[in-house]
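First residue of the sequence shown? That's 1267 in our numbering, and the numbers climb one at a time after it.
The C-beta atom is built at its ideal place from N, Cα and C for all residues, glycine as well.
Step one of this worksheet: look at the structure below.
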Amino acid sequence: MSHSNQPGGKEAGSIPRVLISADRSSSGKTTISMGLMAALVSRGYKVQPFKVALDYIDPSYHTEITGRFCRNLDGYLMDEHGILDVYTHACETGGGADIAIIEGVRGLYEGFESLSDLGSTAQIAKILKCPVIFVINARSITRSAAALIGGYKNFDPDVEIAGVILNNIGGRRHAQKAKEAIEHYTGVPVIGIIPRDPSMQISMRHLGLMPALEGRRRLGDGGFEDRLHGIEEIINKGIDVDRFLEIAGSAKPLAGPENSIFSPSVNEGSPEPRIGVALDEAFNFYYRDNIDLLELSGAEIVYFSPVNDTELPDVDGLYIGGGYPELFAAELEANESMRTAIKKASAAGMPIYAECGGLMYLTEKISTGVPGKGTYHDASMPESTYSMVGALPGHTIMGQTRVVSYNIGTLEKDCPIGKKGNSFKGHEFHHSEILEIPDDAEFAIALSRGTGIKGDRDGLIVNNTIGSYAHLHGAAYRELAGSIVEAARMFRDSKAFR
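What follows is the structure, given as structure tokens:
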């Protein structure tokens, strides 16, 4: 497919699309996905990136590379309508995309259950009628790679494995034997050979990859761009990009959703409430769909930095997402004026919603490197305790315990994220725990699945401020955006009568 006959301007269901998967994690699919996105952007394509499952790190790189916000697709949390809705909305925003590239999660068939594809990459491939490019970490295997592809191809005939990329290839003979075996025994074309190269590695962080925002800060703009450009060059040399585009173009037409949740629902004649969203090195874990849904529900989004800004913007509500506040705890503590402003806003009844890292920031203090707690250690986490906002009670401890799970919860009282009785599916991943919570502390969420802040209790709440370990996505919990905006609107209106 040449640049001159790109498919720009088509509806989401008819644009080329491809899903990149593998047999397991650490196969190289993330770096290869990044390189392919960069190569197509360099050719002038508008690439819409997606990531299977609810993850923040990989999407931050996809967004950085393509200039289009990466969206998450999760078959456990979202129903088929929600997946189609998110996909269609993403492809049609920003003037429309030319091609969609979806990065899978873990192995192709890994999911929530052992006897179904619920929550798996394969489930997304089938819902979106998407051809799959399969990445194999071929280190130390040649003919066995054919057995691997044959098994994956035959396991579920409804999943179309349309091409293979061999990663970690040691030399020409290694590549030739593996390619010949795969194509002879399975009929699946090998469209890429990626040699072993340390420059293909991306810096790691303790919950996954280093976020793109932090990567750029640590490497500097020049170093960051050099790293990405090097990966792009390796991809251009090793992968038949034109063949990749042909496979993407073979995707069958896809029907769009009815009654989209991304339809505007603004109250006519009512001024937009202003919602402050924390965004900087410490707080950058947001699903872009949540931000879009807040705007479509009538909010004006105002970004601010708890690390760098000394004043809170003039807003009617706050949304403080996840991230790594523990790594920037000294800077957050030093910014006393911001901490004081947020605590004052909370005391005044401003609706504040904080997820995970945001929850940690709203507690009284954060301790890192605590002896005897099996704490995760690195050079950026010395043994120390830092004062935080104090809008919520508790002492956050960075520990060794790693919580990575879906959760299911029900609201037990009205709060900024919904009405009593609302239920949600969400997820949590963190290394922290919160101690020294008073016995009379209030929680807004009861979990039937998940860990929470204190046993099955989550959603620590004071005044109109709620913080939880649960991360929520607006396509899975559809009351989220409207509830936050309505709470901000009510607070704004109440200020007018004071």
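**Request:** Quick one: grab the DSSP three-state call for CYS1681.
**Result:** By one-based count along the sequence shown, residue 1681 stands at place 415. Strand.
**Asked** Skipping 5 residues on each side, what residues in its chain have a beta carbon closer than 7 Å to that of MET1604?
**Response** Taking the sequence shown and counting its residues from 1, the one referred to as residue 1604 is at position 338. Result list for MET1604: PRO1572, ASP1575, THR1576, LEU1578, in chain order.
**Request:** Could you have a look at LYS1312 and say whether DSSP puts it in helix, strand or coil?
**Result:** Walking along the sequence shown from the start, residue 1312 turns up at place 46. Three-state result, LYS1312: coil.
**Prompt:** When you compare each of ALA1428, TYR1375, HIS1495, PRO1325 to ILE1396 by their alpha carbons, which one comes out closest?
**Reply:** If you number the sequence shown from 1, residue 1396 lands on position 130. For clarity, residue 1396 is Cys in the given sequence; the question names Ile instead. Ranking ALA1428, TYR1375, HIS1495, PRO1325 by Cα distance to CYS1396 puts ALA1428 first.
**Candidates ALA1447, ILE1586, GLU1499: closest to ILE1460 by CA position** = Against the sequence shown, residue 1460 aligns to sequence position 194. Nearest of ALA1447, ILE1586, GLU1499 to ILE1460, Cα basis: GLU1499.
**Item:** ASP1340 classed as buried or exposed, judged by whether at least 16 other C-beta atoms fall within 10 angstroms
**Value:** As a working mapping, residue 1340 is identified with position 74 in the sequence shown. ASP1340 is buried by the Cβ-count criterion.
**Request:** Give every residue of the same chain whose Cβ lies closer than 6 Å to the Cβ of ALA1444, excluding the five residues on either side of it in the sequence, and list them in chain order.
**Result:** Translated into the one-based positions of the sequence shown, residue 1444 becomes position 178. Counting only Cβ-Cβ distances below 6 Å, and skipping sequence neighbours, we find ALA1404, THR1408, ALA1411, LEU1432.
**Message:** Alpha carbons only, please: which of LEU1511, ASP1463, LEU1414 is nearest the one belonging to GLY1496?
**Reply:** For the purposes of this step, residue 1496 is taken as the residue at position 230 of the sequence shown. Selected option, being the one with the closest Cα: ASP1463.
**Item:** Run of the beta strand (DSSP E) containing ASP1724, from where it starts to where it stops
**Value:** Looking up residue 1724 in the sequence shown gives position 458. ASP1724 -> beta strand (DSSP E) spans 1723–1728.
**First through last residue of the alpha helix (DSSP H) which encompasses VAL1352** = As a first step, residue 1352 must be located in the sequence shown, where it is residue number 86. Per DSSP, VAL1352 belongs to the alpha helix (DSSP H) from 1346–1358.
**Request:** Any chance you could list the alpha helix (DSSP H) runs of at least 4 consecutive residues sitting entirely within the region 1529–1600, in chain order?
**Result:** 1554–1562, 1595–1600
**Request:** Compare the C-alpha of ALA1388 against each of MET1626, TYR1553, TYR1342 and name the closest.
**Result:** Counted from its first residue, the sequence shown places residue 1388 at position 122. Among MET1626, TYR1553, TYR1342, the Cα nearest to that of ALA1388 belongs to TYR1342.
**Prompt:** Does DSSP put PRO1282 in a helix, in a strand, or in coil?
**Reply:** Counting from 1 along the sequence shown, the entry for residue 1282 is found at position 16. Note: PRO1282 maps to coil in three-state DSSP.
**Prompt:** So ILE1331 and MET1300 are in contact, right, with Cβ under 8 Å, and what is the actual spacing, rounded?
**Reply:** Counting from 1 along the sequence shown, the entry for residue 1331 is found at position 65. Counting from 1 along the sequence shown, the entry for residue 1300 is found at position 34. Contact flag correct, Cβ pair sits at about 6 Å.
**Message:** Suppose contacts are defined by Cβ-Cβ distances below 8 Å. Is GLY1623 in contact with PHE1549 by that definition?
**Reply:** In the sequence shown, the residue the question calls residue 1623 occupies position 357. In the sequence shown, the residue the question calls residue 1549 occupies position 283. Against a cut-off of 8 Å, the Cβ pair of PHE1549 and GLY1623 comes out as a contact.
**Prompt:** For the alpha helix (DSSP H) that HIS1328 lies in, which residues bound it at each end?
**Reply:** The residue labelled residue 1328 in the question sits at position 62 within the sequence shown. First-last of the alpha helix (DSSP H) with HIS1328: 1323–1332.
**Message:** According to DSSP, ALA1620 sits in a beta bridge with which residue or residues?
**Reply:** Within the sequence shown, residue 1620 is the residue found at index 354, counting from 1. For ALA1620, which the question treats as bridged, DSSP gives the partners ILE1586, GLY1733.
**Message:** With H, G and I counted as helix, E and B as strand and the rest as coil, what does DSSP make of MET1300?
**Reply:** Reading the sequence shown from its first residue, position 34 is the one you call residue 1300. Helix at MET1300.
**Message:** Which residue wins for smallest C-alpha separation from ASP1582, given the options GLY1589, ILE1608, LEU1559?
**Reply:** What you label residue 1582 is simply residue 316 of the sequence shown in a count that begins at 1. It is ILE1608.
**Asked** In terms of residues, what are the limits of the beta strand (DSSP E) holding ILE1700?
**Response** On the sequence shown, position 434 is the one that residue 1700 refers to. That run of the beta strand (DSSP E) goes 1689–1701.
**Validate contact between the region 1668–1686 and the region 1710–1718 using beta carbons, cut 8 Å, 3 pairs** = yes
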